[in-house]
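Q: Protein chains in written order, with my numbering: chain L, 1 to 536; chain Z, 537 to 854. Beta carbons: idealized from backbone N, C-alpha and C, even for Gly.
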Amino acid sequence: MKKLLAIVLLLTMVLSMTAAAETLKDFERVDSFNAMVTNGGVADDVFNTQTLADTIRQATGYNVQFTQLPKSDVDTTVSNIFMLKENYQYVFVTKAQFNMLVAEGVLAPLTKYVNASANLKEVISEIGWGSATFDGEIYAIPNSDPRECTSKGFYFRKDWLNEYNQQNPDAQIAMPSEENGYSMSVSNFTKMLEFFQTKVNAGGKALCIEVDPASSNYTEDKPVFLQTILPAFGINSEWADVNGELTYILEQEGFEAYAKYMEGLFDKGLIYYQATKNDTNAVNSLMNDMAGVALVSHTKPYSLETNRAPEGTTDLDNFVDEVFAGYISALVADEHEGDASAVRVWSKKTYNQYIVCPVYNTEAQTAAVVDYCDSKLDKDLFLRLTIGTEGETFYVKDGGYYPILPKFNDEMNLADKFLSGTREADYAEYWLARTRKTAAQGRMFGMINYNIDGTGIMDPIHMIPSIDTVEENLATARNAVVESLILTIFNTEKEFNLEEVQKLWNSKKGEKIEEAVNEWYATWEYKDTYNNVKPL
Amino acid sequence: MKRDAIAKKEFRYNLKKHAPLYFFFIPSILFVLIFKYVPMAGLVMAFKENPRMLAAATPVQAILKADWVGLENFQEMFSNPEIMQAMRNTIIISIQKLVFVFPIPIALAILISELRKGAVRKTLEITMYVPHFLSWVTVGGIFGAILSENTGLVNNVLETLGFARTAFVSNKDTVRGVLVTSHAWKNIGYSSIVYMSAILALDHNQFEAARIDGATKWQQILYVTLPGILPTIAVMFVMRVGSLMDAGFEQIYVMYSAYTKETIDILGTYTYRLIRDAGLRPQYAMSTAVGFFNGVIAMVLVLSSNYLSKKFLKNGLW
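1) Say whether the segment 450-469 of chain L touches the segment 310-317 of chain L, bearing in mind that this needs 3 or more beta-carbon pairs closer than 8 Å, one atom from each stretch.
2) Using the rule of at least 16 other Cβ atoms within 10 Å of the residue's Cβ for burial, across every protein chain shown, is L/D528 buried or exposed?
3) For the beta strand (DSSP E) holding L/E245, just list the boundary residues, first then last.
4) Please classify Z/K653 as buried or exposed, where buried requires at least 16 other C-beta atoms within 10 Å of its C-beta.
5) Mind checking L/A259: buried by the 16 CB within 10 Å criterion, or exposed?
6) Apart from the five residues just before and just after L/I138, which ones in its own chain have a Cβ nearer than 6 Å to its Cβ?
7) Assuming L/I404 and L/T393 form a contact by the criterion Cβ under 8 Å, report the distance between their Cβ atoms to the nearest whole angstrom.
8) Report the partner residues of Z/I631 according to the DSSP bridge assignment.
9) Would you identify the three-state DSSP class for L/Q502, choosing helix, strand or coil?
10) Closer than 8 Å by C-beta to L/A477: which residues in its own chain qualify, once you throw out the five before and the five after it? Chain order, please.
11) Among the candidates L/E411, L/M184 and L/S466, whose CA atom is the shortest distance from the CA of L/D334?
12) Can you grab the Cα-Cα spacing for the pair L/W346 / L/M175, in whole Å?
13) Please confirm if L/N278 has its CB atom under 7 Å from at least one CB of chain Z.
14) Could you pull out every residue in the same chain whose Cβ sits closer than 8 Å to the Cβ of Z/L660, ignoring the five residues on either side in sequence?
15) Looking only at C-alpha atoms, which of L/A108, L/T94 and L/T55 sits nearest to L/V369?
16) With a CB to CB cut of under 8 Å and the five nearest residues on each side skipped, what residues in its chain are close to Z/P587?
17) Can you list the residues of chain L that Z/Y795 reaches, using a CB-CB cut of under 8 Å?
18) Please list, in chain order, the chain Z residues whose beta carbon lies closer than 8 Å to that of L/V106.
19) Looking at chain Z, is there any beta carbon in it that lies within less than 7 Å of the beta carbon of L/E483?
20) Going along the chain, which residues of its own chain have a beta-carbon closer than 6 Å to the beta-carbon of L/I127, five neighbours each way excluded?
21) Thinking C-beta only, is Z/A770 closer than 7 Å to Z/L849?
22) In this structure, how does DSSP classify L/M184 when only helix, strand and coil are distinguished?
23) Tell me, please, whether the segment 661-670 of chain Z touches the segment 764-779 of chain Z by the rule of three or more beta-carbon pairs shorter than 8 Å.
24) Note down, one range per segment and in chain order, each beta strand (DSSP E) of at least 3 residues found wholly within the segment 382-417 of chain L.
25) Alpha carbon to alpha carbon, how far is Z/Y795 from Z/T710?
26) List the whole-angstrom C-beta distance separating L/G181 from L/A340, where the pair is believed to meet the contact cut-off of C-beta under 8 Å.
27) Buried or exposed: which applies to L/P358, given that a residue is buried once 16 or more other Cβ atoms fall within 10 Å of its Cβ?
28) Three Cβ pairs or more, each shorter than 8 Å: is that satisfied between the segment 295-308 of chain L and the segment 724-742 of chain Z?
29) Where do the ends of the beta strand (DSSP E) carrying L/C143 lie?
30) For the segment 81-94 of chain L, enumerate the residues whose C-beta is nearer than 8 Å to any C-beta of chain Z, in chain order.
31) According to DSSP, is L/P465 part of a helix, a strand, or is it coil?
32) In this structure, does DSSP put Z/I562 in helix, strand or coil?
33) Put Z/A496 into one of helix, strand or coil per three-state DSSP.
34) Among residues of its own chain, excluding the 5 on either side of Z/I724, which ones have a beta-carbon nearer than 8 Å to its beta-carbon?
35) Using the beta-carbon of each residue, which ones in chain L are nearer than 7 Å to Z/S684?
36) Below 8 Å, how does it come out for the segment 466-484 of chain L and the segment 436-443 of chain L: are there three or more Cβ pairs, yes or no?
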């Protein structure tokens, strides 16, 4: 009898212990921790007293103190957190930082907590978890981009193009529209630039190529690969699958033709290339008629379009400039002129943000962080944390989400800074409210993403895990290439020479990088399904 | 032996007499020890492989654990044409600044000290000091706007006069001129303070005597003012030469572009880029090697300029 009782007791204990690990709530957890989050552009005390911060604390039950990463030199700050064992239990990192940290072995494994979560496993896609996994263990909670889309397109002076068409009734340039997938052929684009050159003010150039405002002078993330022009030359991403191998842009067929085309435009005096951040940028160039075309982000149309609003226009949020502002999503080769099905757009849906826990966290701290992230993904709470409350900060029209301004801006502007994993399917729809803050922005976003499911091609390199050869050499090699291209394409004194640039790439270990990239790509399980749209 | 005893006694006497002053000296000594000498221990990294800071328990352990590689980092450094180019640029830009900018504050201080009207003098002094307190980002913005190829005032004037527009800031041949000019604009006013103080400290009887002897204003400057402030000039010169290997990182950082890399990429910006390119895997060992080499050159420059200053100007830092 005693034996039986002992066995029953033992079984009960085992069962209760097994049950204990079934949900996150059963893990020992702390009730407060410090979080290092991405920069929201406000002081930390303002960030911590946001309505959203309070809502999160109340809803999750965790007292979280937020500190924001600096705007610049983020790598050093993140590096210092782990090197000096700073008191942060939750750290926001980028993909590159995640790759490095996981390779250095300074991240706490999260698998058992994630497996015990209520929402995380369900709402974050497998490819997302794959990107956060290293040697079979999950080390981060991945934040995906909201949806596959492109965020940039060409703004052009529609009134000037109309003027050109009036002057050339027999050789009209078709206005980018739904019919042609908001595209334009390369030859027409050149003709348009040549005409615009006669319209810009003295000292201006038809096309302005601006330095990425978010980059430092040294990031070198400078626009030499113009995503709106490259598809016309058959290049749909910086690294592209060519016959089953990921091929760098320099080796892709069509790059030489692209470079020579751009060089030609520059030599003809049609391009203003912004050399430093202190030089006039795209928006200012366009507003002052110093340029007629520029690659701009979908956050820019409000300034651009309202700048030319008729005098007396009061409702600028709903103002759309149909007279002066036009948008091009991508150029197409001349033989595909007007063919919407031939449009290809550089699109993106990456996992570039991760929430990680330092390896020196206690188990209770790590469990708390994962539980906190998991709780925020409850359907109702997630909606509240991303776009607020229906009728107060957003409304629904035809199944789409629209912001109610100015309350949406006042209360939800920093919402994305609090994200720690998303309900990916829901967020793709909720996020669109952010692109509809103004009619001008919504219009441009809609045009450059017109039929993106049938035109968008994503770059697989965004999904690459941590590989030493790539981590150590890619940035240096790419920067050298970009600099060399600036000095040849956007410079009248030197001529572009593909062989020389390829040599430079290889001298910076380009071949080794390609080899390492392809070793991974050959075994990547999403290789054949990552892009639904195929190149032409 | 007897002299030693006297010296010791004198030292003890001075120590006792000026004890409170020595007390105030302690923070400075501590500052120099903690922030200048202790970090020098990190120079060992120049002779080691790149330490893995993140994986180690502490940064010190990471440095200690890294293997010794002898002079490998220096060999790599000297075989890299980019570093050699950066070194050349550093020296050229620094010398240009020294030659063209160093004498201006001296002349300015003399001119201001000769001004009779107090109000004019005060206004001039204040307006000249202001640029020093502006950040390089602001100064870069101002010069960028004035010199802009498309919309800049200078180019507008040049065009009106029939000259071609020039991208001064993003042209490798003109950008050094912009560096020197903006450095001068920002610093000459502030640098002149030292010389003005030196002029004010001069014995005015000497000027009076010179005037009585019939010396002209120019002769007074040449034979009284300049020799009087020569010790200050010598000290400032030695100090400036000592920082010759620092050609102005911040200034170049805000004006840098791919177009001008060839002529303005200096050791500071090169090292910075080395770290930035490496992301979370900073090249501590190589950066330290570059910094170490930089320091050695700076030391040689200080020692030799001090020697020359003592030899020819009869004044030096020590």
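A: The answer reads as follows:
1) Taking 8 Å as the limit for Cβ pairs, the verdict is that the segment 310-317 of chain L does not touch the segment 450-469 of chain L.
2) As a first step, residue 528 of chain L must be located in the first sequence, where it is residue number 528. It is exposed - the Cβ of L/D528 has fewer than 16 other Cβ atoms within 10 Å.
3) Locating residue 245 of chain L in the first sequence gives position 245, counting from the first residue. L/E245 -> beta strand (DSSP E) spans E245 to Y248.
4) Position 117 of the second sequence, counting from 1, holds the residue named residue 653 of chain Z. Under the 10 Å beta carbon count, Z/K653 is surrounded by fewer than 16 other beta carbons and is classified as exposed.
5) Against the first sequence, residue 259 of chain L aligns to sequence position 259. L/A259 is buried by the Cβ-count criterion.
6) Within the first sequence, residue 138 of chain L is the residue found at index 138, counting from 1. Excluding sequence neighbours, L/I138 sits near L110, T111, V114 and A132.
7) In the first sequence, counting from the first residue as 1, residue 404 of chain L sits at position 404. In the first sequence, counting from the first residue as 1, residue 393 of chain L sits at position 393. Yes, they are in contact, since the Cβ atoms of L/I404 and L/T393 sit about 6 Å apart, within 8 Å.
8) Here residue 631 of chain Z corresponds to residue number 95 of the second sequence, with the count starting at 1. DSSP lists no partner for Z/I631.
9) Numbered from its first residue, the first sequence carries residue 502 of chain L at position 502. Helix, per DSSP.
10) Position 477 of the first sequence, counting from 1, holds the residue named residue 477 of chain L. These residues qualify, in order along the chain: W505, K508, K509, G510 and I513.
11) Here residue 334 of chain L refers to the residue found at position 334 when the first sequence is read from its first residue. Per the Cα distances, L/M184.
12) Position 346 of the first sequence, counting from 1, holds the residue named residue 346 of chain L. Position 175 of the first sequence, counting from 1, holds the residue named residue 175 of chain L. Going by the C-alpha atoms only, they are around 21 Å apart.
13) As a working note, residue 278 of chain L is residue 278 in the first sequence. Taking Cβ atoms only, chain Z reaches closer than 7 Å to L/N278, which makes this a yes.
14) In the second sequence, the residue the question calls residue 660 of chain Z occupies position 124. Same-chain partners within the cutoff: I648 and L651.
15) Indexing the first sequence from 1 puts residue 369 of chain L at position 369. From the listed residues L/A108, L/T94 and L/T55, the smallest Cα separation to L/V369 is found for L/A108.
16) Stepping through the second sequence from its first residue, residue 587 of chain Z is reached at position 51. Closer than 8 Å at Cβ, skipping near neighbours: M581, P595, A598, I599, K601, A602, Y820 and A821.
17) One-based indexing of the second sequence puts residue 795 of chain Z at position 259. Result: A275, I486, L487 and N491.
18) Taking the first sequence and counting its residues from 1, one reaches residue 106 of chain L at position 106. For L/V106, the residues of chain Z that pass the 8 Å Cβ criterion are L590 and A591, in the order they occur in the chain.
19) For the purposes of this step, residue 483 of chain L is taken as residue 483 along the first sequence, with counting starting at 1. Chain Z, which has a Cβ nearer than 7 Å to the Cβ of L/E483, makes this yes.
20) Numbered from its first residue, the first sequence carries residue 127 of chain L at position 127. The answer, listed in chain order, is Y526.
21) In the second sequence, residue 849 of chain Z corresponds to position 313, counting from 1. In the second sequence, residue 770 of chain Z corresponds to position 234, counting from 1. At the C-beta level, Z/L849 and Z/A770 come within 7 Å of one another.
22) Numbered from its first residue, the first sequence carries residue 184 of chain L at position 184. Under the three-state reduction of DSSP output, L/M184 falls in the strand class.
23) By the Cβ test, the segment 661-670 of chain Z is not in contact with the segment 764-779 of chain Z, since fewer than three Cβ pairs between them sit closer than 8 Å.
24) Runs of beta strand (DSSP E) with 3 or more residues, each lying fully within the segment 382-417 of chain L, are found at 394-397 and 400-403, listed in chain order.
25) Taking the second sequence and counting its residues from 1, the one referred to as residue 795 of chain Z is at position 259. Taking the second sequence and counting its residues from 1, the one referred to as residue 710 of chain Z is at position 174. If you take the alpha carbons of Z/Y795 and Z/T710, they lie about 11 Å apart.
26) Residue numbering aside, residue 181 of chain L sits at position 181 when the first sequence is read from its first letter. Residue numbering aside, residue 340 of chain L sits at position 340 when the first sequence is read from its first letter. The pair is a contact, with the Cβ atoms about 3 Å apart (cut-off 8 Å).
27) Within the first sequence, residue 358 of chain L is the residue found at index 358, counting from 1. That one is buried.
28) No contact exists between the segment 295-308 of chain L and the segment 724-742 of chain Z.
29) Against the first sequence, residue 143 of chain L aligns to sequence position 143. The residue you asked about is not Cys; residue 143 of chain L is Asn in the sequence shown. In the DSSP assignment, L/N143 falls within the beta strand (DSSP E) that extends over I141 to S144.
30) Those residues of the segment 81-94 of chain L that come within reach of chain Z (Cβ to Cβ, closer than 8 Å) are F82, M83 and L84.
31) Residue mapping note: residue 465 of chain L aligns to position 465 of the first sequence, counting from 1. It is coil, neither helix nor strand.
32) As a first step, residue 562 of chain Z must be located in the second sequence, where it is residue number 26. Assigned with DSSP and collapsed to three states, Z/I562 falls in helix.
33) Because chain Z here runs from 537 to 854, residue 496 of chain Z falls outside it and cannot be looked at.
34) As a position in the second sequence, residue 724 of chain Z is number 188, starting the count at 1. Residues of the same chain with a CB within less than 8 Å of the CB of Z/I724, apart from the 5 flanking positions on each side, are V637, I640, P641, L644 and M664 in chain order.
35) For the purposes of this step, residue 684 of chain Z is taken as the residue at position 148 of the second sequence. Against chain L, the beta carbon of Z/S684 has neighbours under 7 Å at D279 and T280, listed in chain order.
36) With the cut-off at 8 Å, the segment 466-484 of chain L and the segment 436-443 of chain L do not touch.
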